[in-house]
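Notes to accompany the following structure.
There are 2 protein chains.
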Amino acid sequence: MTSTLPETSASRLDALVSASVGAARPAADASDEDRARWLESVAARLDLHADELVPLADAETHLGTPRLTGELARTTAQLRLFAAVLREGSFLEATIDHANPDAIPAHGDLRRLLVPLGPVAVFAASNFPFAFSVAGGDTASAFAVGCPVVVKAHPGHPRLSQRVAALVTESLADAGAPEGLFGLIEGVDAGIALVEHPAIRAAGFTGSVAGGRALFDRAAGRPSPIPFYGELGSVNPVVVTAAAAEARGTELAQGLAASFTQGAGQFCTKPGVVFVPSGVGFEDAVVAAVPDLAATLLTPAIRAGFGRGLAALAAESGVTVLAGDAAQDTDVVEAGPVVLATDVAAAVAHPAALLEECFGPVTLLVRYDTPEELLRGVRAVPGSLTATLHAQPDEDLADLVAALRDRAGRLLFAGWPTGVAVTWSQHHGGPYPSTTSIHTSVGSTAARRFQRPVAYQDAPAALLPAALRDDNPLGIVRRVDGVLGLA
Amino acid sequence: MTSTLPETSASRLDALVSASVGAARPAADASDEDRARWLESVAARLDLHADELVPLADAETHLGTPRLTGELARTTAQLRLFAAVLREGSFLEATIDHANPDAIPAHGDLRRLLVPLGPVAVFAASNFPFAFSVAGGDTASAFAVGCPVVVKAHPGHPRLSQRVAALVTESLADAGAPEGLFGLIEGVDAGIALVEHPAIRAAGFTGSVAGGRALFDRAAGRPSPIPFYGELGSVNPVVVTAAAAEARGTELAQGLAASFTQGAGQFCTKPGVVFVPSGVGFEDAVVAAVPDLAATLLTPAIRAGFGRGLAALAAESGVTVLAGDAAQDTDVVEAGPVVLATDVAAAVAHPAALLEECFGPVTLLVRYDTPEELLRGVRAVPGSLTATLHAQPDEDLADLVAALRDRAGRLLFAGWPTGVAVTWSQHHGGPYPSTTSIHTSVGSTAARRFQRPVAYQDAPAALLPAALRDDNPLGIVRRVDGVLGLA
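Going down the list, the sequences are from chains C and D.
Per the numbering used here, the very first residue in the first sequence carries number 1; after that it's consecutive.
Per the numbering used here, the very first residue in the second sequence carries number 1; after that it's consecutive.
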């Protein structure tokens, strides 16, 4: 069902970026309340068009109506969360130190806040056509803090991208946002030119390790480097302790099977590597729980990649196929779930081959015999978005939790990692390669990626931003002479 | 007076980094109060040895006793500021969202805080042998949040570096800090190996554009890239409006002359480019105010670089020498101050040549005729740590302030940029090349460079860090269900 759209030309790209440069100061100067209304306007317009957008998304992504309906609701809730963040005001980190002749060294009046970085490039993902795409979290968080955005559409859902872009443009105009605040481009070359454009000040990206690293290298290699907030690939380790397998093995096996096949395994938080105790029957329970699934993956390229990844994993020495077909004919559109197994010795010996993300409905069970062997296996896992620990209440878990925390940004002690809440405390990020920065792409603090601090020294009141004036006209939480409060 | 010390060998470097890896978990697990005491122990020991350290620093840097006495006091005050930051507790950004089945999407219990990144590399600067060196701000802020540190000593003050390192090691041991928390290395190759060492998780750097960019490229080019917090070079633009020059030209000229020659112009915040109104006598006032200075610069390499930089600037077409000797014989140890002048047209035509940092006692006056020409000139200035605006109260300055804010991290409306307060609201950073990140290297938020967020989902109370427990045992400010407070 996908159609190919023409690549954005160099001159069109330049015009869009120039427009975003023109929008940067009005967006920065707009009040937080104004920007909150822009976000709410976009959210309302997308909700209004749900009946049109969801089928369009399903036609291009095959993710199904229930999932896409939920994803759209999540996307508009995300836009509204950032409106709430704007009204709460502490995202500005307003900080005031009055002049102090007794300090070491003595100092004048100094006031700090965060300001927008400027035009931002956003690279949309294939697997969340709403939540991590044209009007997704990167766009919402950049708009929130006053940054214009140019989105590079994902070729997996071009018609949906264009339609959402049109709705974003209309709703921003209706809400009085500056012209040029939003633009959409298409094509690989245009994307590279975007991240290298001198006027672009930061980039957000969700996608593969290979594609993300190539763009990260471009961003870092610019004459004037920019931050590249990439979410690349993640194996999301799960640990099932022997005690947990014994106490609730069937329930855990069912949960795992549902999680690694959810969305046909096309989640960045899919549990890809599962440490399981040997000889207690947990593997059999997983095999028994695997659903009878035949799913059309997002794109033919992802289908082919899944086939290649599976074949490579299955060909590794020490890897066995427990369930499903590891030699799938990728000319067949629909993919089926696969469970592989190995042991810690093999995983530790070949971490680059075995402990690498394989996008699609597959998981690798890694058997361990002892707690020490389990720790050794966990320490070989690359940086991940999440790590999940299923254990029993009376176990001594300090070393295991420390080892998992070293490798992941979110630690789960119940449930499965494939759901990602959109809240103040969410962290969706982790050590490389799961992300290329120490920041999150989901939750309220995602906005900080597109802000930089500025300190005002001895500024006349008339030249201070409202957030820094003595009378606190915005009524926001600030730090004054070291103390956080509403003063 | 400087001596050369042997390069750190590859095996010694590896041993030091291995020790820092060993210290990472005890440092992360230590209480904030414990870490505050480590910092205070280092501060007390350095203060106690001031009478030994200041003469040692002066012998190697020629910066003089008053300045170095003040710099040591500032350095120990900085260590104590981070102890205060630890006790205040909001640096952890503790955030709690209770489970909410009505949220979109519904979510479980989610709690976030910042944890240490792991072992940090610190590259010491030549020009602040205490404050930006072995026990300077990078080291203090990394220790504060629980990161072990390996410092690469600056060759400009090797004996001081070794002595400070010995005092740091002793005072940390006395305070009960884990072994391996601190190490010192020397030599260019060892520094490169340090930033490329797989166990190093971040780097702080203060130095030249060329040296900093080379290390930034290494950090970004690693198989697993790390954040490189570099402070490279800054021209720190100053604008004097026609009205200000008329109202208080002599006072401003004297302030400028004192600022650009302070510490023999070897400050990263030296005002290097000054936009001055044509034809109102301001240039003459600057020339009249230049002190009769003959200063020994930090190192022979810096002396030679100053001579080369001066000669290159003076050779540019459109540049004239207003005061001092632009063809200094760099075999003569002592350097004298120089005032150069050009106009906006020349500066805009050749920004790479004219608007680039020249480390040492020189400043470039850039004449403008109209407010529009002034704006054009300001917009050609590269990213800087500071920008200073001397204007009169009734002037319309919105465009000028916006243009300066685009290019700098600290905006001054009185005084001169060469003093840098160590406070909660300080921002010592700015667009590239002044820094390679959006973070500060001075002030309380410098600690955030060495932290990453972790979210705990549905964690049993016994496995939660103290900062995230329901009863708030640390008594710190947290965000609970979206509301900041002491709950």
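Glycine included, C-beta positions come from ideal geometry on N, C-alpha and C.
Query, Result
"Give the DSSP-derived three-state secondary structure of C:P101 in the structure shown.", "coil"
"Compare the beta carbon distance of D:L92 and D:A467 with 7 Å and say whether it is the shorter of the two.", "yes"
"Taking 7 Å as the CB-CB limit, is C:G211 close to chain D?", "no"
"Just checking: is the beta-carbon of D:Y456 within a distance shorter than 7 Å of some beta-carbon in chain C?", "yes"
"Helix, strand or coil for D:D331, going by three-state DSSP, please let me know.", "coil"
"Contact between the segment 61-73 of chain D and the segment 92-102 of chain D is defined here as three or more beta-carbon pairs at a separation below 8 Å; is this criterion met?", "no"
"Looking at the unbroken beta strand (DSSP E) that takes in C:P351, where does it start and where does it end?", "Premise fails: C:P351 lies in the alpha helix (DSSP H), 351-354, not in any beta strand (DSSP E)."
"Could you have a look at D:A125 and say whether DSSP puts it in helix, strand or coil?", "coil"
"Among the candidates C:D369, C:Y368, C:A408, C:A402, whose CA atom is the shortest distance from the CA of C:T386?", "C:A408"
"Taking only the alpha-carbon atoms, compute the straight-line gap between C:V239 and C:R448 and give it to the nearest angstrom.", "32 Å"
"Mapping DSSP to helix, strand and coil, what is D:C147?", "coil"
"Between the segment 32-49 of chain C and the segment 260-280 of chain C, can you find at least three pairs of beta-carbon atoms closer than 8 Å?", "no"
"Considering only residues of the segment 197-251 of chain C, which uninterrupted alpha helix (DSSP H) runs meet the minimum length of 4 residues and lie entirely inside it, listed in chain order?", "209-221"
"I think D:T299 touches D:G156, with their Cβ atoms under 8 Å apart; what is that distance to the nearest whole Å?", "5 Å"
"Output yes if chain C places a C-beta closer than 7 Å to the C-beta of D:F260; else output no.", "no"
"Thinking C-beta only, is C:S441 closer than 7 Å to C:G180?", "no"
"Please classify C:R379: is it buried, with 16 or more other beta-carbons within 10 angstroms of its beta-carbon, or exposed?", "exposed"
"Going straight from the alpha carbon of D:T370 to that of D:D394, what length do you get?", "17 Å"
"Give the residues from the segment 398-415 of chain C that approach chain D closer than 7 Å (Cβ to any Cβ), ordered along the chain.", "V401, A402, R405, G409, R410, L411, L412, F413, A414, G415"
"In angstroms with no decimal places, state the Cα-to-Cα distance between D:V151 and D:R218.", "17 Å"
"So, does the segment 114-123 of chain D touch the segment 41-61 of chain D, judging by three or more C-beta pairs under 8 Å?", "no"
"Considering only the alpha carbon of each residue, which of D:F306, D:V321, D:T320, D:A353 lies closest to D:V498?", "A question about residue 498 of chain D goes unanswered here, because the residues of chain D that appear run from 1 up to 487."
"For the beta strand (DSSP E) containing D:Q115, list its first residue and its last residue.", "A small correction: the amino acid at residue 115 of chain D is Val; Gln does not occupy that position in the sequence shown. It spans 110-116 - the beta strand (DSSP E) in which D:V115 sits, taken as one unbroken run."
"Using the three-state DSSP reduction, which class does D:L375 fall into: helix, strand or coil?", "helix"
"Return the CA-CA distance between C:L110 and C:D458, expressed in angstroms with no decimal places.", "6 Å"
"Starting from the beta carbon of C:H107, find every residue of chain D whose beta carbon is closer than 7 Å, and list them in chain order.", "A421, T423"
"Would you check if there are 3 or more beta carbon pairs closer than 8 Å linking the segment 172-179 of chain D to the segment 20-31 of chain D?", "yes"
"Listed from N- to C-terminal order along the chain, which residues in the segment 108-139 of chain D have their beta-carbon within a distance smaller than 8 Å of any beta-carbon of chain C?", "G108, L110, R111, R112, V115, L117, G118"
"Would you report the Cα separation of C:M1 and C:A166, rounded to the nearest angstrom?", "Low confidence applies to C:M1: its pLDDT is 41, below 50, so where it sits in the model is not reliable, and the reading given next is rough at best. Each residue's Cα considered, the two are about 20 Å apart."
"Below 8 Å on the Cβ atoms is my contact criterion, and I expect C:Q262 with C:T363 to pass it. Report the Cβ-Cβ distance as a whole number of Å.", "So it is not a contact: roughly 11 Å between Cβ atoms."
"Let me make sure I understand the geometry here. Which of C:G415, C:H197, C:A398 has the alpha-carbon closest to that of D:A502?", "The requested residue 502 of chain D does not occur in the structure, where chain D is confined to residues 1 to 487."
"Distance cutoff 7 Å, beta carbons only. Does D:S208 sit that close to anything in chain C?", "no"
"State the Cα-Cα distance for the pair D:S9 and D:I302, rounded to the nearest angstrom.", "26 Å"
"With DSSP as the reference, identify every bridge partner of C:K152, one or two as the case may be.", "C:F123, C:I185"
"What does D:R479 pair with, by DSSP beta-bridge criteria?", "D:T95, D:L484"
"Based on the DSSP secondary-structure assignment, which residues constitute the bridge partners of D:Y456?", "C:L411, D:R111"
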